[in-house]
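Numbering (our numbering), first residue to last: 11 to 493.
Every residue gets a Cβ at the ideal spot worked out from N, C-alpha and C, and that includes glycine.
For clarity, every value in this text was computed on a predicted model and none was experimentally measured.
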Ligand code: NAD
């Protein structure tokens, strides 16, 4: 079942920060893969823009190296790489100065889609937007892509939204959250809204609770000083986990249209109750053996910033009143695993005598590793041993469903960049969503800052602090294992 690839219209894509980590690791390799699949044609152009002085030839070497480092060798045919770097160029410019902007303006073609990917620090977003406008590089069809963080609280998010709105309309602004570009996340919407099966059960009457886990094995090494000003709540919960929660909890939009979907997500954020201090656990990882601690990674002797957070959220809505949503994310945990698990209630009455080993149905949406959806159901244990029940997973692993080609599921970034070129904002956050998410997280963070409490220590390689386990134990539930 190979997926059909429709080429996008020709475009000029300018990557500000084209020499940076994100560009080299994700954006350029992603564009190459789309080129290999002929979704990007040779009449498109990719222009790197950054401070370093170099010419097109030197930047093409940067692009070649990024392909070499991040694309499997089997997909690096010399001819394909040559053809790809031929559509790549470079402009040296300073986001804060005047150099390079006229040269960029001259490069832009009139008749094609223009997109500007701001893969730079957020402090440069407004400066770049202003200069794009001043040098008449944008037109009313141009698109601008920005990377998180979208502010560090509601006030700064508002300011950023206002700055972007000075030069771009909301339908030109693409706020990337790469979690939304994952195959599984989109499939979650397909499972919910293209099947009759789940939707009647998708409410507090039938869903016992939802768990959303985003666990990482890496620590904050390399970006410790930045991370220490942010923390897990700002870095992960306010955006990625919140977006996943929205997709689980939202009402069916009237159609799969950017604003219809985002209107429904916004309603979910607005329906979130404030979180009681007892319903949140913050943690910070310790060093073990050779592994450094959070403080080692940030070079500090003391820090109140959390590298782990677990919390119990609830929604004041007809559909979800009474169903808790447990969210958990952290660094230096046991495994790299992201999943959403929807645990249904047990049947009201068991006609089978077996009490032990009875399991509620669980729908698990796995984001990484091994993207896929899995439904745990009870069946009769095969064989003549009488009517004994056992649990089996109905596996909807995409790699299998898509056959050979499915083993190479497009990366979230490449899918989202193609959406930018197509002008489809469905999987991008709208400004009011971002502000509403901060409006929910600001009081939580404010309370922590007022209390000045230290996060609970947890061992690197564990599942987080003990208190996080208690958060669910006291409700008679338990976290799923991180693996
Ligand atoms: P980076 O520091 O590796 O690269 C920054 C780029 O910006 C470089 O190309 C640099 O030359 C350019 N630059 C800096 N100052 C400039 C100026 N005054 N004028 C023109 N160019 C200038 O950063 P990164 O890791 O690639 O991250 C880029 C953005 O993406 C940041 O906003 C970051 O928060 C966000 N982000 C990065 C990742 C990631 O995995 N790296 C993930 C999520 C979000």
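Quiz item: Just reading off the alpha helix (DSSP H) that residue 441 is part of, what are its end residues?
Solution: On the chain shown, position 431 is the one that residue 441 refers to. 441 to 461 is the extent of the alpha helix (DSSP H) around residue 441.
Quiz item: Heavy atom of ligand 1 less than 7 Å from the Cβ of residue 26, yes or no?
Solution: Taking the chain shown and counting its residues from 1, the one referred to as residue 26 is at position 16. Correct: residue 26 has its Cβ closer than 7 Å to ligand 1.
Quiz item: Heavy atom of ligand 1 less than 7 Å from the Cβ of residue 99, yes or no?
Solution: The residue labelled residue 99 in the question sits at position 89 within the chain shown. Not under cutoff, so the answer is no.
Exercise. Work out the CA separation of residue 311 and residue 196 for me, nearest whole Å.
Key: Looking up residue 196 in the chain shown gives position 186. Looking up residue 311 in the chain shown gives position 301. Between residue 196 and residue 311, the C-alpha separation is close to 43 Å.
Self-check item: residue 176 - DSSP class collapsed to helix/strand/coil
Solution: As a working mapping, residue 176 is identified with position 166 in the chain shown. DSSP places residue 176 in helix when its eight states are reduced to three.
Quiz prompt | Under the three-state DSSP convention, the category residue 169 falls into | solution = For the purposes of this step, residue 169 is taken as residue 159 along the chain shown, with counting starting at 1. Looking at residue 169 - three-state DSSP - the assignment turns out to be helix.
Exercise. Within the same chain, show all residues whose beta-carbon is closer than 6 Å to that of residue 143, passing over the 5 residues directly before and after it, in chain order.
Key: Numbered from 1 along the chain shown, position 133 holds the residue referred to as residue 143. So the list reads 177, once near-sequence residues are dropped.
Quiz item: Would you call the segment 344 to 353 and the segment 210 to 230 in contact, with 3 or more CB pairs under 8 Å?
Solution: yes
Quiz item: Apart from the five residues on each side of it in sequence, which residues of its chain come closer than 6 Å, Cβ to Cβ, to residue 173?
Solution: In the chain shown, the residue the question calls residue 173 occupies position 163. Around residue 173: 136.
Quiz item: What residue from 186, 315, 483, 314 has the CA that sits closest to residue 426's CA?
Solution: Taking the chain shown and counting its residues from 1, one reaches residue 426 at position 416. It is 186.
Quiz item: Is it true that the CB of residue 317 sits closer than 8 Å to the CB of residue 228?
Solution: Sequence index remark: in the chain shown, residue 228 carries index 218 (1-based). Sequence index remark: in the chain shown, residue 317 carries index 307 (1-based). No; because the gap between Cβ atoms is not below 8 Å, this pair is not in contact.
Quiz prompt | Span of the alpha helix (DSSP H) around residue 511 | solution = Because the chain here runs from 11 to 493, residue 511 falls outside it and cannot be looked at.
Quiz item: So residue 219 is in the beta strand (DSSP E); what residue range does that whole segment cover?
Solution: Walking along the chain shown from the start, residue 219 turns up at place 209. Unbroken beta strand (DSSP E) run through residue 219: 217 to 225.
Practice problem: Report the residue ranges of all beta strand (DSSP E) runs contained in full by the segment 341 to 381; include only those spanning at least 3 residues, in chain order. | Solution: Listed in chain order, the complete beta strand (DSSP E) runs (minimum 3 residues) inside the segment 341 to 381 are 347 to 354, 372 to 378.
Quiz item: In this structure, does DSSP put residue 135 in helix, strand or coil?
Solution: On the chain shown, position 125 is the one that residue 135 refers to. Reduced to three states, the DSSP call for residue 135 is helix.
Quiz item: Given residue 432, which residues of its chain have a CB within under 7 Å of its CB, disregarding the five upstream and five downstream residues?
Solution: Taking the chain shown and counting its residues from 1, one reaches residue 432 at position 422. Counting only Cβ-Cβ distances below 7 Å, and skipping sequence neighbours, we find 18.
Exercise. Kindly list the residues whose CB is nearer than 6 Å to the CB of residue 384, restricted to its own chain and excluding five residues on each side of it in sequence; keep chain order.
Key: Position 374 of the chain shown, counted from the start, is the residue given in the question as residue 384. Answer for residue 384: 374, 403, 405, listed in chain order.
Quiz item: Looking at the structure shown, is residue 235 part of a helix, part of a strand, or coil, going by DSSP?
Solution: Counting from one through the chain shown, the residue named residue 235 turns up at place 225. Helix at residue 235.
Quiz prompt | residue 414, buried or exposed, once every other Cβ within 10 Å from all chains shown has been counted against 16 | solution = Position 404 of the chain shown, counted from the start, is the residue given in the question as residue 414. Annotation note: pLDDT 49 at residue 414 (below 50); position unreliable, no value reported.
Self-check item: As assigned by DSSP and simplified to three states, the class of residue 470
Solution: Locating residue 470 in the chain shown gives position 460, counting from the first residue. In the structure shown, residue 470 sits in coil (DSSP, three-state: anything other than H, G, I, E or B).
Quiz prompt | residue 94 - DSSP class collapsed to helix/strand/coil | solution = To locate residue 94, count along the chain shown from 1; it is residue 84. Correct three-state label for residue 94: helix.
Quiz item: Is the segment 273 to 288 touching the segment 319 to 331, taking contact as three or more C-beta pairs under 8 Å?
Solution: yes
Quiz item: Closest by CA to residue 255, which one among 242, 262, 450, 275?
Solution: Counted from its first residue, the chain shown places residue 255 at position 245. Nearest C-alpha to residue 255: 275.
Exercise. Would you mind reading off the limits of the alpha helix (DSSP H) that contains residue 194?
Key: Here the question's residue 194 lines up with position 184 in the chain shown. 193 to 203 is the extent of the alpha helix (DSSP H) around residue 194.
Quiz item: Would the beta-carbon of residue 20 be found less than 7 Å away from any heavy atom of ligand 3?
Solution: Among the ligands in the structure shown, ligand 3 does not appear; only ligand 1 can be found there.
Quiz item: Any idea what DSSP makes of residue 159, helix, strand or coil?
Solution: Working through the chain shown from its first residue, we reach residue 159 at position 149. In this structure, residue 159 counts as coil in the three-state DSSP scheme.
Quiz item: What's the gap between the Cα of residue 182 and the Cα of residue 65?
Solution: Taking the first residue of the chain shown as 1, we reach residue 182 at position 172. Taking the first residue of the chain shown as 1, we reach residue 65 at position 55. Cα to Cα, the separation comes out at about 30 Å.
Quiz item: Which one or two residues does DSSP pair with residue 325 in a beta bridge?
Solution: As a first step, residue 325 is located in the chain shown; it is residue number 315 there, counting from the start. Per DSSP, 282.
Quiz item: Would the C-beta of residue 130 count as close to ligand 1, meaning under 7 Å from any of its heavy atoms?
Solution: As a position in the chain shown, residue 130 is number 120, starting the count at 1. Yes, since a heavy atom of ligand 1 falls inside the 7 Å radius drawn around the Cβ of residue 130.
Quiz item: Which ranges does the beta strand (DSSP E) cover as unbroken runs of at least 3 residues, wholly within the segment 99 to 130, from first to last along the chain?
Solution: Listed in chain order, they are 123 to 128.
Quiz item: Thinking C-alpha only, which one of 20, 37, 74 is nearest residue 54?
Solution: Counting from one through the chain shown, the residue named residue 54 turns up at place 44. Considering only alpha carbons, the answer is 20.
Quiz item: Whose C-alpha, out of 378, 343, 74, is nearest the C-alpha of residue 301?
Solution: Taking the chain shown and counting its residues from 1, the one referred to as residue 301 is at position 291. Comparing Cα positions, the closest option is 343.
Quiz item: In whole angstroms, what separates the C-alpha of residue 240 from that of residue 471?
Solution: Here residue 240 corresponds to residue number 230 of the chain shown, with the count starting at 1. Here residue 471 corresponds to residue number 461 of the chain shown, with the count starting at 1. Cα-Cα distance, rounded: 22 Å.
Practice problem: Examine chain D for any beta-carbon lying closer than 8 Å to the beta-carbon of residue 105, and answer yes or no. | Solution: The structure shown contains no chain D; it holds only a single protein chain.
Practice problem: Identify, in the order they occur along the chain, each residue of the same chain with its Cβ nearer than 7 Å to the Cβ of residue 299, setting aside the five sequence neighbours on each side. | Solution: For the purposes of this step, residue 299 is taken as the residue at position 289 of the chain shown. For residue 299, where only same-chain residues beyond five positions count, there are no Cβ hits under 7 Å.
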